[in-house]
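Residue numbers (my numbering), protein chains in the order written: chain A, 1 to 492; chain B, 493 to 984.
To start, the structure itself, in structure tokens.
There are 2 protein chains.
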Amino acid sequence: MGKNLTTRSEDYSKWYNELVVKADLAENSGVRGCMVIKPYGYAIWEKMQAQLDKMFKETGHQNAYFPLFVPKSMFEAEEKNAEGFAKECAIVTHYRLKNDENNKGKLIVDPNAKLEEELIVRPTSEAIIWSTYKKWVNSYRDLPLLINQWANVVRWEMRTRLFLRTAEFLWQEGHTAHSTQAEALAETKQMLEVYAEFAENFMAIPVVKGIKTETERFAGADETFCIEALMQDGKALQAGTSHFLGQNFAKAFDVKFANQEGKLEYVWGTSWGVSTRLMGALIMTHSDDNGLVLPPNLAPIQVVIVPIHKTDEQLEEISAQVNELVKALRKLNISVKYDDRTNLKPGFKFNEYELKGVPVRLAIGPKDFENGTYEVARRDTLTKEVVAKEGIEIYLQNLLETIQKEMFEKSLAYRDAHITNVETFEEFKEVLETKTGFLAAHWDGTPETEEKIKELTKATIRCVPLNQVAEAGTCILTGKPSTGRVYFAKAY
Amino acid sequence: MGKNLTTRSEDYSKWYNELVVKADLAENSGVRGCMVIKPYGYAIWEKMQAQLDKMFKETGHQNAYFPLFVPKSMFEAEEKNAEGFAKECAIVTHYRLKNDENNKGKLIVDPNAKLEEELIVRPTSEAIIWSTYKKWVNSYRDLPLLINQWANVVRWEMRTRLFLRTAEFLWQEGHTAHSTQAEALAETKQMLEVYAEFAENFMAIPVVKGIKTETERFAGADETFCIEALMQDGKALQAGTSHFLGQNFAKAFDVKFANQEGKLEYVWGTSWGVSTRLMGALIMTHSDDNGLVLPPNLAPIQVVIVPIHKTDEQLEEISAQVNELVKALRKLNISVKYDDRTNLKPGFKFNEYELKGVPVRLAIGPKDFENGTYEVARRDTLTKEVVAKEGIEIYLQNLLETIQKEMFEKSLAYRDAHITNVETFEEFKEVLETKTGFLAAHWDGTPETEEKIKELTKATIRCVPLNQVAEAGTCILTGKPSTGRVYFAKAY
Chain A
1 MGKNLTTRSE DYSKWYNELV VKADLAENSG VRGCMVIKPY GYAIWEKMQA QLDKMFKETG
61 HQNAYFPLFV PKSMFEAEEK NAEGFAKECA IVTHYRLKND ENNKGKLIVD PNAKLEEELI
121 VRPTSEAIIW STYKKWVNSY RDLPLLINQW ANVVRWEMRT RLFLRTAEFL WQEGHTAHST
181 QAEALAETKQ MLEVYAEFAE NFMAIPVVKG IKTETERFAG ADETFCIEAL MQDGKALQAG
241 TSHFLGQNFA KAFDVKFANQ EGKLEYVWGT SWGVSTRLMG ALIMTHSDDN GLVLPPNLAP
301 IQVVIVPIHK TDEQLEEISA QVNELVKALR KLNISVKYDD RTNLKPGFKF NEYELKGVPV
361 RLAIGPKDFE NGTYEVARRD TLTKEVVAKE GIEIYLQNLL ETIQKEMFEK SLAYRDAHIT
421 NVETFEEFKE VLETKTGFLA AHWDGTPETE EKIKELTKAT IRCVPLNQVA EAGTCILTGK
481 PSTGRVYFAK AY
Chain B
493 MGKNLTTRSE DYSKWYNELV VKADLAENSG VRGCMVIKPY GYAIWEKMQA QLDKMFKETG
553 HQNAYFPLFV PKSMFEAEEK NAEGFAKECA IVTHYRLKND ENNKGKLIVD PNAKLEEELI
613 VRPTSEAIIW STYKKWVNSY RDLPLLINQW ANVVRWEMRT RLFLRTAEFL WQEGHTAHST
673 QAEALAETKQ MLEVYAEFAE NFMAIPVVKG IKTETERFAG ADETFCIEAL MQDGKALQAG
733 TSHFLGQNFA KAFDVKFANQ EGKLEYVWGT SWGVSTRLMG ALIMTHSDDN GLVLPPNLAP
793 IQVVIVPIHK TDEQLEEISA QVNELVKALR KLNISVKYDD RTNLKPGFKF NEYELKGVPV
853 RLAIGPKDFE NGTYEVARRD TLTKEVVAKE GIEIYLQNLL ETIQKEMFEK SLAYRDAHIT
913 NVETFEEFKE VLETKTGFLA AHWDGTPETE EKIKELTKAT IRCVPLNQVA EAGTCILTGK
973 PSTGRVYFAK AY
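Structure below.
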């Protein structure tokens with residue numbers, strides 16, 4: 001398997017596109033803007049799903065499922081939300097095809113099967129879910145509702161890229177309803193913490209936790225919290241959002257509850273989501289010119305073992321020993337693959353597993369067999385060492401933990417080295433183009449200035465960091481006063 | 493919680509509809525024909541998914557994800573398949589909404605955003621998947637492809653019923669590609685066995701394995717295998733299908749492979765699926781006039797414990813003991829809920845868990861506490877007994893296995909008692925209306941006779957059973973010769 005990947009320094013964007021396809025993660029389909037997620041890519045997504053689902057359930061949430069379609073009148077009920085998504089909606093207008101009389105074997109849309117009311121393919125499910133919550137909520141005893149949905153959604157993006165921006169994508173969307181503002185805000189923040197913990201401990205991606213500016217806020221929310229990651233090319237990627245919806249959807253759908261005094265009040269809401277976009281973040285944070293680099297916690301195969309042999313007898317001996325090791329590793333819940341295909345050379349296999357980002361590769365040849373050793377190669381550092389077979393299970397278990405930890409530390413060091421305080425607009429432009437990364441800068445707080453900076457530099461405010469330090473300063477563009485720095489970056 | 497369920501004998505259909513809603517499984521949404529699957533119903537579906545997914549992976553399948561939309565030209569490529577689904581397709585024709593200038597705050601479909609080619613919301617994914625397989629298959633070395641997808645699909649049904657027939661439903665669809673006919677046929681049969689094993693061992697639903705007649709075959713298949721279950725009202729329900737697709741889709745999408753001699757051949761295909769319809773089968777097989785009855789293997793809560801107390805001190809004592817039991821049960825992987833809500837009476841809780849089909853209910857009052865006992869109630873038989881607290885974990889573990897087994901045996905006895913050999917059309921009509929169930933009868937093998945019988949009686953041929961005995965006979969309608977009995981029934 002020749003890799004022939006474009007290198008990151010040659011063309012980062014091309015490197016990404018090639019890697020996604022060559023590592024068998026996903027590919028473009030015959031449907032404009034929609035991707036096929038291939039088995040290897042889907043296996044990583046399943047690992048993400050399993051971990052997130054566990055974390056959602058541990059924080060008291062239950063899964064449910066709501067319709068794919070939203071009738072137009074329901075969709076437009078929350079006006080800001082509707083306006084925010086109106087320009088990128090797939091719309092179902094008919095419910096039947098019929099034979100094309102002029103073209104045997106072909107079908108046409110049956111004009112007699114026009115829907116009375118158009119259906120929007122959900123770009124997000126607040127409308128359909130809050131129209132349901134109206135039926136579920138009467139009293140404070142019915143609250144909170146803590147519900148999550150795993151689903152596909154459609155946003156008609158004009159420029160698409162595998163995982164990062166596709167017309168259809170997979171995600172989870174949490175939708176909760178509460179009796180008090182404080183409880184809804186606490187939920188919004190709790191889910192931001194869940195996302196941050198997941199990104200850092202499972203994806204090995206350090207994130208900045210922050211609040212979006214009004215311009216970047218989710219349409220229909222009072223406040224959007226986010227986690228922002230930094231890719232190797234110095235561009236930011238929004239990895240997850242958690243929205244405090246206030247009473248906006250409750251008012252749009254008339255969802256009220258009787259409080260303990262029997263008085264009717266509007267319900268408070270939140271929504272929060274992460275999507276298959278996380279796959280893009282995972283790839284762009286860790287991978288290198290040899291291919292994918294996966295953190296052990298999300299790798300479908302954590303350890304691969306490749307035999308090196310000349311004779312069938314050698315292979316038999318080696319296999320007998322390796323089969324024992326495979327069993328021992330599985331007992332430790334390590335996912336292991338023994339690749340004893342005889343029609344492929346070891347070098348081919350090494351390349352393949354490097355491309356696919358398997359964290360640890362073991363090789364064993366006749367000499368290793370004699371010496372009672374394995375050659376152990378780390379994917380993240382590309383280093384090798386020879387390790388005695390006795391106790392190698394525990395060695396590997398520890399190694400996987402070390403890799404997980406060191407991958408995070410490496411990304412963290414890169415990220416921290418790419419948060420730069422800038423004081424003037426000249427400096428801002430220069431750092432943005434040369435050093436790249438997050439630019440911590442003073443801003444006068446107006447959408448106009450934000451828009452102007454975006455126009456002039458393509459940088460957007462990624463967030464007001466939650467750990468913002470109070471500091472008097474002046475806006476890099478207007479010189480007006482500011483009380484703390486916000487994070488700018490070019491972003492995916 | 494008053495149950496007030498219509499009884500099965502009063503009106504089976506009404507009983508079903510009420511039960512689905514009152515047991516919090518699902519409800520109709522504001523979107524025509526689409527349901528909301530509520531958390532409790534979804535939790536059962538998740539258990540089904542987890543088990544099926546395990547069985548698919550154990551038989552070598554991997555999950556992947558393909559687009560929701562199918563361009564019309566791709567959809568119509570396999571003509572029979574397209575024709576079979578054309579009349580029930582949701583069709584996306586536009587990709588943008590805009591403000592309605594005559595109606596502030598409202599949106600209309602933007603006529604300038606008409607798609608060049610309409611997109612069909614997938615009613616099934618053979619077309620999109622085989623158009624992808626074309627890219628994946630070159631040589632015999634690329635085969636077999638053993639892929640499954642968990643997804644939502646849309647079929648525009650005119651008359652819908654929760655779980656049984658909904659415009660949108662959730663399912664899994666396996667799509668495999670093979671180099672030989674024999675291998676594809678073996679796969680088709682293997683997946684039928686997987687479905688049968690799942691139905692019988694997890695859902696406790698006995699099934700008849702068989703082959704569909706040409707009339708009832710999947711559009712685009714050469715042969716459709718099925719499992720058929722019998723509901724308590726004597727109507728059959730198709731619970732899963734596995735299709736041998738021959739080379740039909742390979743030819744429609746030009747999917748060829750180079751065999752070992754380097755010669756190009758068309759690939760052989762299968763597809764197989766089960767859906768949220770299984771929820772309907774589960775409900776209608778086991779439940780009674782008190783509500784749902786769930787087999788332990790699929791119950792989100794297997795054991796519920798309800799304290800009965802007068803004073804706070806009593807509750808405290810009981811809770812201390814129960815908390816230990818809860819821990820012990822969880823160690824045995826038994827899913828248990830301790831319901832110590834103090835604002836609800838025990839009788840209310842008993843009713844609630846009966847309605848929700850929790851297999852085992854424990855109650856403990858002050859006397860039980862003194863005597864070192866629990867009252868153990870079985871949901872399936874509605875029987876109670878008093879059991880010593882010592883060793884009750886193991887007792888419950890065994891009891892759950894017993895319930896699982898006895899629920900299956902009960903359904904099996906009912907099913908077996910409702911397979912009736914009939915010899916004449918008069919007898920056929922009488923048994924169909926009085927005894928109901930499967931009617932094993934001779935049929936002359938023609939679609940015309942099948943259609944005529946359906947017209948006259950509403951009974952359809954559910955399948956030619958795989959275990960059909962060779963037996964000379966004459967068709968109940970035409971008197972023409974037949975070589976074995978097929979199974980007729982009225983069906984969902």
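Beta carbons are placed, not taken as given, at the ideal position from N, Cα and C, and that holds for glycine.
As the structure is a prediction and not an experimental result, all values here were calculated from the model.
Report buried or exposed for residue i, applying the criterion of at least 16 other Cβ atoms within 10 angstroms of its Cβ.
i        : result
G597(B)  : exposed
G772(B)  : buried
N752(B)  : The residue you asked about is not Asn; residue 752(B) is Gln in the sequence shown. Exposed, because fewer than 16 other Cβ atoms sit within 10 Å of the Cβ of Q752(B).
L1017(B) : Residue coverage of chain B in this structure runs from 493 to 984, which leaves residue 1017(B) outside it and unanswerable.
T812(B)  : The question names Thr, but residue 812(B) is Ala in the sequence shown. The residue in question, A812(B), is exposed, as its Cβ has fewer than 16 Cβ neighbours within 10 Å.
K972(B)  : exposed
L990(B)  : In the structure as shown, chain B begins at 493 and stops at 984. Residue 990(B) is therefore absent and cannot be evaluated.
In chain B, which residues lie with their C-beta within 9 Å of the C-beta of residue i?
i       : result
A219(A) : The premise fails here: A219(A) is roughly 13 Å from chain B at the closest Cβ pair, so nothing lies under 9 Å.
N102(A) : In chain order: nothing, as chain B lies at least about 14 Å away.
At 7 Å on the CB atoms, spell out the chain B contacts of residue i, in chain order.
i       : result
K496(A) : No answer is possible for residue 496(A): it lies beyond the span of chain A, which begins at 1 and ends at 492.
L107(A) : K564, E568, A574 and A578
T132(A) : S521 and V528
L170(A) : Y557
For residue i versus residue j, is the C-beta distance shorter than 7 Å?
i       : j       : result
F930(B) : Y979(B) : yes
Q806(B) : F694(B) : no
N640(B) : H553(B) : yes
V646(B) : V613(B) : yes
L969(B) : A951(B) : no
W171(A) : G273(A) : yes
F561(B) : V36(A)  : no
Is residue i near the ligand MN, judged by its Cβ being under 6 Å from some heavy atom?
i       : result
K331(A) : Although the ligand MN was asked about, the structure shown includes no ligands whatsoever.
Kindly list, in the order they appear in chain B, the residues whose Cβ is closer than 8 Å to that of residue i.
i       : result
E126(A) : The contacting residues do not exist; E126(A) stays about 13 Å from chain B at best.
W156(A) : Y587 and R588
E46(A)  : N555
I147(A) : P531
Could you name the residues of the same chain whose beta carbon sits closer than 6 Å to that of residue i, not counting the 5 residues immediately before and after it, in chain order?
i       : result
Q673(B) : W760
V828(B) : V795, V818 and L821
G576(B) : A711
R165(A) : E157
A82(A)  : F75 and E76
M1(A)   : Interpretation of M1(A) is limited by its pLDDT of 47, a score under 50 that renders its predicted location unreliable; the figure taken from the coordinates is listed afterwards. Counting only Cβ-Cβ distances below 6 Å, and skipping sequence neighbours, we find F348, N351 and E352.
T777(B) : I697 and S903
Can you list, in chain order, the residues of its chain whose CB lies under 7 Å from that of residue i, leaving out five sequence neighbours each side?
i       : result
I775(B) : Y508, L511, V512 and L784
I810(B) : P799, H801, I856 and F861
H442(A) : G473, T474, C475, I476, S482 and R485
D289(A) : L5, T7 and R8
Please list the partners that residue i has in chain A, where partner means a Cβ-to-Cβ separation under 8 Å.
i       : result
P636(B) : The contacting residues do not exist; P636(B) stays about 13 Å from chain A at best.
A669(B) : Within 8 Å Cβ-Cβ: nothing; A669(B) doesn't reach chain A, min ~13 Å.
Y534(B) : Q62, N63, A64 and Y65
Going along chain A, which residues have a C-beta under 7 Å from residue i?
i        : result
A1027(B) : Since the displayed chain B opens at 493 and closes at 984, residue 1027(B) lies outside it and no answer follows.
N630(B)  : The contacting residues do not exist; N630(B) stays about 15 Å from chain A at best.
N751(B)  : The premise fails here: N751(B) is roughly 16 Å from chain A at the closest Cβ pair, so nothing lies under 7 Å.
Excluding the five sequence neighbours on either side, which residues of its own chain have a C-beta within less than 8 Å of the C-beta of residue i, listed in chain order?
i       : result
K748(B) : V629, A742, L756, E757, Y758 and V759
Residue i touches chain A at which residues, Cβ-Cβ below 9 Å?
i       : result
N740(B) : By Cβ distance, chain A contributes nothing, its closest Cβ being about 14 Å from N740(B), past 9 Å.
Quick one, which residues of the region 69-80 of chain A are near chain B if we go by CB-CB under 8 Å, in chain order? F69, V70, P71, K72, M74, F75, E76 and E79
Any residues in the region 497-517 of chain B with a beta carbon nearer than 8 Å to a beta carbon of chain A? Which ones, in chain order? none
Listed in chain order, which residues of the region 604-616 of chain B have Cβ atoms closer than 8 Å to some Cβ of chain A? E610, L611, I612 and V613
By the 7 Å beta-carbon criterion, what residues does the region 331-362 of chain A contribute toward chain B? none
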